[in-house]
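Colleague:
Protein chains: 2
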Amino acid sequence: MQREKLPTIKEIAKRLKVSTSTVSRALHNHPSIGYTTTMRVHKIAQEIGYEPNKTAILFKQRKTFTIGVLLPNLSEDFFSAAISGIEDFAATKNYNVLLGQSLDDPEREKRILETMKTHRVDGMIVSISKNTDNYEHFEQLKKYHIPIVFFDRIPEKEAINYVACNLESGMLQALNLLIEQGHTRIGLITGPEQLIASAQRREIYIKGLQEKNIQLDEKLIVSSGLSKEENHKATKKLLSAKKRPTAIITFNDYVALDAIAEAKKLGLTINKDVCFVSFANLPIWEYMDSRPIASIEQFPYKQGEKATEILFSVLEGDDSMDEETETPENQVIFDSEMRLHF
Amino acid sequence: MQREKLPTIKEIAKRLKVSTSTVSRALHNHPSIGYTTTMRVHKIAQEIGYEPNKTAILFKQRKTFTIGVLLPNLSEDFFSAAISGIEDFAATKNYNVLLGQSLDDPEREKRILETMKTHRVDGMIVSISKNTDNYEHFEQLKKYHIPIVFFDRIPEKEAINYVACNLESGMLQALNLLIEQGHTRIGLITGPEQLIASAQRREIYIKGLQEKNIQLDEKLIVSSGLSKEENHKATKKLLSAKKRPTAIITFNDYVALDAIAEAKKLGLTINKDVCFVSFANLPIWEYMDSRPIASIEQFPYKQGEKATEILFSVLEGDDSMDEETETPENQVIFDSEMRLHF
DNA sequence: TTGTACGCGTTATCAT
DNA sequence: ATGATAACGCGTACAA
Chain A
1 MQREKLPTIK
11 EIAKRLKVST
21 STVSRALHNH
31 PSIGYTTTMR
41 VHKIAQEIGY
51 EPNKTAILFK
61 QRKTFTIGVL
71 LPNLSEDFFS
81 AAISGIEDFA
91 ATKNYNVLLG
101 QSLDDPEREK
111 RILETMKTHR
121 VDGMIVSISK
131 NTDNYEHFEQ
141 LKKYHIPIVF
151 FDRIPEKEAI
161 NYVACNLESG
171 MLQALNLLIE
181 QGHTRIGLIT
191 GPEQLIASAQ
201 RREIYIKGLQ
211 EKNIQLDEKL
221 IVSSGLSKEE
231 NHKATKKLLS
241 AKKRPTAIIT
251 FNDYVALDAI
261 AEAKKLGLTI
271 NKDVCFVSFA
281 NLPIWEYMDS
291 RPIASIEQFP
301 YKQGEKATEI
311 LFSVLEGDDS
321 MDEETETPEN
331 QVIFDSEMRL
341 HF
Chain B
1 MQREKLPTIK
11 EIAKRLKVST
21 STVSRALHNH
31 PSIGYTTTMR
41 VHKIAQEIGY
51 EPNKTAILFK
61 QRKTFTIGVL
71 LPNLSEDFFS
81 AAISGIEDFA
91 ATKNYNVLLG
101 QSLDDPEREK
111 RILETMKTHR
121 VDGMIVSISK
131 NTDNYEHFEQ
141 LKKYHIPIVF
151 FDRIPEKEAI
161 NYVACNLESG
171 MLQALNLLIE
181 QGHTRIGLIT
191 GPEQLIASAQ
201 RREIYIKGLQ
211 EKNIQLDEKL
221 IVSSGLSKEE
231 NHKATKKLLS
241 AKKRPTAIIT
251 FNDYVALDAI
261 AEAKKLGLTI
271 NKDVCFVSFA
281 NLPIWEYMDS
291 RPIASIEQFP
301 YKQGEKATEI
311 LFSVLEGDDS
321 MDEETETPEN
331 QVIFDSEMRL
341 HF
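Rendered as structure tokens:
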């Protein structure tokens, strides 16, 4: 079971007939150790291929120099971009990234959190699963002094650190664009009712229309469970109405893909009979002819990076008052931006 | 610097006025400990929220229950699928996944390997960077008894564990399909010369044509540095020749995207004037009208999963003879398969 | 059935 | 300038 022994400072000490403390200090170039001794230690260390045993150090220091990242999945472009941001930032601090995908399964999420906890990660960055409705397991971590920074999919709680993206700015830009282009019947495909993100989109949509004095038509708002079938259904519902919308804002890019496919199937020409605006920004859009006229960019890389930055500021801050680390600076909201595709 | 102290078995021992060993055994439900004692220990442990300190255990056991994963990037769909396979399998063994992206930068690759080593991961799964030409840093790990399983992008060495995908089966299927459909002038866009993958594709291409008695035209083989510009250039070179090919096999999906865009720009109709076959299989193809007629599927998820399985078989195997763990079973090659898109 | 003592590799503290 | 020793938290061989 036990793995082979690797060279330790003891070994070096024995060979040089000095004490382990001398070796330890020499290796850290402590000024109190004589030049020659220091040199000899380094030389032997080199020769026998000594590497400090981090597990021992971590154990002693009660730190792991590892941050846990828990997110729904890596297949979505959004999250793989986010983790790049996280990893890049963590690398600058010589931290490692322990990865877990919840796959939007609350049970899996809980299990992963559990292993992260027992592995004593120094902190966590979390984007919660779609179906999570209780946050007890996150509270748990607080007891163990493991700070969490949530990003993008954040729980509805007060005292948390988070990074998110404000959809309003981008969505209003998009609405204005559509209205300027003469669209008056603008549809909205939101996600499942229980998702905050769905409610948000709906509210901003309504607000935006009001600002421009456009009469709200409840029939132009439909929701989808986000499966392919439901996306198709939602689109069909919108587009086969008597007074069909000439533009549709979709919950995200994956919905947009299905919606565009469905619109084509219904014989409509994209960007002529009907055009789309979508949240997030698949890098692949530029290769597609039938694409939304605009995306609402939510900066996944930037979000990941910022979340990590916040996590480190908490980690490096006073541990003494770690009950209340959630200051305004630890709650960051980026503004989304509309990006034109044509 | 030091983090707050968490409950330990000492604490429990003190409260119950028993020895730490009793507590330790009770927590493991050791049969030698009396029922009441065991119960009392569990109760207190529960109350004060005791969690075994894994870092201490790992330190003692010289194991970390963590595998390191080093791959070029997570933006490519191929790798994010692969890591899902890895993570899923690792989870079944209660192992964690430490992640590192080389971004195809050999220096970064080296650094990541270094941190993985000092963090004493139990094993590694690696897909090497595009530009790596020396494998010393991998040899290093062997000294520290950290087994490596390579996948997909594997070094040209004998004694290694690996999982890869044999392109031949899929590519021959694709060639045959094209030939059956009447294509005789079939172009090939390979990658940079120094990549093994490029040579492979070239060889199989030539072999496939020979088998069907089709005269090889060297002009139909071009290589690209895989940047967007080079992809466009390579495509242009093929398609603007006097006797242009009616079908093109591209190095991968990203090349295909650029090639298709370029073909359109040249006024050609995809799948009529010219059609494409590509390696890998972007899930998004189905949403695109202008897509390759077929993909050569390389099963990233399966590769990741299998690589992890092999890693565990090595980890669980005899440590005694760890010089030569590379047995035939540890060198797995999947057959690629052609998948039609229409 | 329970307790004592030791070791894992390192560093910090207190001597010398 | 260097050495001896304790401590981090846990598991376990050996004693009682």
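Protein chains in written order, with the UniProt record's numbering: chain A, 1 to 342; chain B, 1 to 342.
Note that beta-carbon positions come from the ideal geometry of N, C-alpha and C, so glycine has one too.
Everything numeric in this text was worked out from a predicted model, so none of it was measured.
1) Counting contacts by CB-CB distance shorter than 8 Å, is SER84 (chain B) in contact with chain A?
2) When the cut-off is 8 Å and only beta carbons count, does GLY49 (chain A) lie next to chain B?
3) Report the residue from B:ASN231, B:THR118, B:ILE128, B:ALA91 whose alpha carbon sits nearest the alpha carbon of ASP105 (chain B).
4) Can you give me the C-alpha to C-alpha distance between ASP258 (chain A) and ASN231 (chain A), rounded to a whole angstrom?
5) Using the C-alpha atoms, what's the distance from MET116 (chain B) back to LEU98 (chain B)?
6) Interface residues of chain A around ILE148 (chain B) at Cβ under 9 Å?
7) Return the chain-ordered ranges of every alpha helix (DSSP H) run that is complete within the stretch 108 to 161 of chain B and spans a minimum of 4 residues.
8) Could you tell me which chain A residues have their CB closer than 8 Å to the CB of GLN46 (chain B), listed as they occur along the chain?
9) By the DSSP assignment, the alpha helix (DSSP H) with VAL23 (chain A) in it spans what residues?
10) I think THR38 (chain A) touches ASN29 (chain A), with their Cβ atoms under 8 Å apart; what is that distance to the nearest whole Å?
11) Under a Cβ-count criterion, where at least 16 other Cβ atoms within 10 Å of its own Cβ denotes burial, should SER21 (chain B) be classed as buried or exposed?
12) Using a Cβ-Cβ cutoff of less than 8 Å, which residues in the same chain neighbour THR308 (chain B) once the five nearest sequence positions on both sides are dropped?
13) Counting only runs that start and end within the stretch 220 to 287 of chain B, where is the beta strand (DSSP E) found for 3 or more residues in a row?
14) Which residues in chain B sit within 7 Å of LYS54 (chain A), going by Cβ to Cβ distance?
15) Going along chain A, which residues have a C-beta under 7 Å from TYR301 (chain B)?
16) Answer with yes or no whether the minimum CB distance from TYR287 (chain A) to chain B is below 8 Å.
17) With DSSP as the reference, please indicate the residues paired to VAL163 (chain B) in a beta bridge.
18) With respect to the beta strand (DSSP E) encompassing THR190 (chain B), which residues constitute its N-terminal and C-terminal limits?
19) Would you report the Cα separation of ILE310 (chain B) and ILE160 (chain B), rounded to the nearest angstrom?
20) What residues of chain B sit near ALA261 (chain A), judged by a beta carbon separation below 7 Å?
21) Roughly how many whole angstroms lie between the Cα atoms of GLN101 (chain B) and ALA174 (chain B)?
22) Is it true that the CB of GLU286 (chain A) sits closer than 8 Å to the CB of ARG339 (chain A)?
23) Classify LEU216 (chain B): buried if its beta carbon has 16 or more other beta carbons within 10 angstroms, exposed otherwise.
24) Is it buried or exposed for THR55 (chain A), if we count other Cβ within 10 angstroms and need 16 for buried?
25) If you run the structure through DSSP and keep just helix, strand and coil, what is ILE9 (chain A)?
26) From the beta carbon of TYR144 (chain A), is the nearest beta carbon of chain B less than 8 Å away?
27) Just the C-alpha distance for ASN330 (chain B) and ALA164 (chain B), rounded to the nearest angstrom, thanks.
28) What span of residues does the beta strand (DSSP E) with GLN101 (chain A) cover, start to end?
Modeller: In short:
1) Position 84 of the second sequence, counted from the start, is the residue given in the question as residue 84 (chain B). Interface residue, yes.
2) Sequence index remark: in the first sequence, residue 49 (chain A) carries index 49 (1-based). Output row for GLY49 (chain A): interface = yes.
3) On the second sequence, position 105 is the one that residue 105 (chain B) refers to. That would be B:ILE128, whose Cα lies nearest to the Cα of ASP105 (chain B).
4) Residue mapping note: residue 258 (chain A) aligns to position 258 of the first sequence, counting from 1. Residue mapping note: residue 231 (chain A) aligns to position 231 of the first sequence, counting from 1. Their backbone Cα atoms lie some 6 Å apart in a straight line.
5) Counting from one through the second sequence, the residue named residue 98 (chain B) turns up at place 98. Counting from one through the second sequence, the residue named residue 116 (chain B) turns up at place 116. Computed Cα separation, rounded: 8 Å.
6) Here the question's residue 148 (chain B) lines up with position 148 in the second sequence. Those within 9 Å of ILE148 (chain B) in chain A number zero; the least Cβ separation is about 15 Å.
7) 136 to 143
8) Within the second sequence, the letter at position 46 stands for residue 46 (chain B). Those do not exist, as GLN46 (chain B) stays about 13 Å from chain A at its closest Cβ, beyond 8 Å.
9) Taking the first sequence and counting its residues from 1, one reaches residue 23 (chain A) at position 23. It spans 20 to 27 - the alpha helix (DSSP H) in which VAL23 (chain A) sits, taken as one unbroken run.
10) Counting from 1 along the first sequence, the entry for residue 38 (chain A) is found at position 38. Counting from 1 along the first sequence, the entry for residue 29 (chain A) is found at position 29. Sure, about 6 Å apart at Cβ, within 8 Å.
11) Position 21 of the second sequence, counting from 1, holds the residue named residue 21 (chain B). The residue in question, SER21 (chain B), is exposed, as its Cβ has fewer than 16 Cβ neighbours within 10 Å.
12) Along the second sequence, read from residue 1 onward, the residue named residue 308 (chain B) stands at position 308. Answer for THR308 (chain B): ILE67, GLY85, ILE86, PHE89, ALA90, ILE125, VAL149, listed in chain order.
13) 221 to 223, 247 to 250, 275 to 279
14) In the first sequence, residue 54 (chain A) corresponds to position 54, counting from 1. Correct list: THR118, HIS119, ARG120.
15) Walking along the second sequence from the start, residue 301 (chain B) turns up at place 301. In chain order: nothing, as chain A lies at least about 10 Å away.
16) Here the question's residue 287 (chain A) lines up with position 287 in the first sequence. Judged by the 8 Å Cβ criterion, TYR287 (chain A) is in contact with chain B.
17) Stepping through the second sequence from its first residue, residue 163 (chain B) is reached at position 163. B:PHE151, B:VAL332.
18) Numbered from its first residue, the second sequence carries residue 190 (chain B) at position 190. 186 to 190 is the extent of the beta strand (DSSP E) around THR190 (chain B).
19) Mapped onto the second sequence, residue 310 (chain B) falls at position 310. Mapped onto the second sequence, residue 160 (chain B) falls at position 160. Approximately 12 Å, taken between the alpha carbons.
20) In the first sequence, counting from the first residue as 1, residue 261 (chain A) sits at position 261. Going along chain B in sequence order, the residues near ALA261 (chain A) (Cβ under 7 Å) are TYR287.
21) Counting from 1 along the second sequence, the entry for residue 101 (chain B) is found at position 101. Counting from 1 along the second sequence, the entry for residue 174 (chain B) is found at position 174. If I take the Cα positions, the gap works out to 32 Å.
22) As a working mapping, residue 339 (chain A) is identified with position 339 in the first sequence. As a working mapping, residue 286 (chain A) is identified with position 286 in the first sequence. No, the Cβ-Cβ distance between ARG339 (chain A) and GLU286 (chain A) is not below 8 Å.
23) Counting from one through the second sequence, the residue named residue 216 (chain B) turns up at place 216. It counts as exposed.
24) Sequence index remark: in the first sequence, residue 55 (chain A) carries index 55 (1-based). Burial call: buried.
25) Against the first sequence, residue 9 (chain A) aligns to sequence position 9. The answer is helix: DSSP assigns ILE9 (chain A) an H, G or I state.
26) Along the first sequence, read from residue 1 onward, the residue named residue 144 (chain A) stands at position 144. Interface residue, yes.
27) The residue given as residue 330 (chain B) occupies position 330 in the second sequence. The residue given as residue 164 (chain B) occupies position 164 in the second sequence. Those two C-alpha atoms are separated by around 11 Å.
28) For the purposes of this step, residue 101 (chain A) is taken as residue 101 along the first sequence, with counting starting at 1. Unbroken beta strand (DSSP E) run through GLN101 (chain A): 96 to 101.
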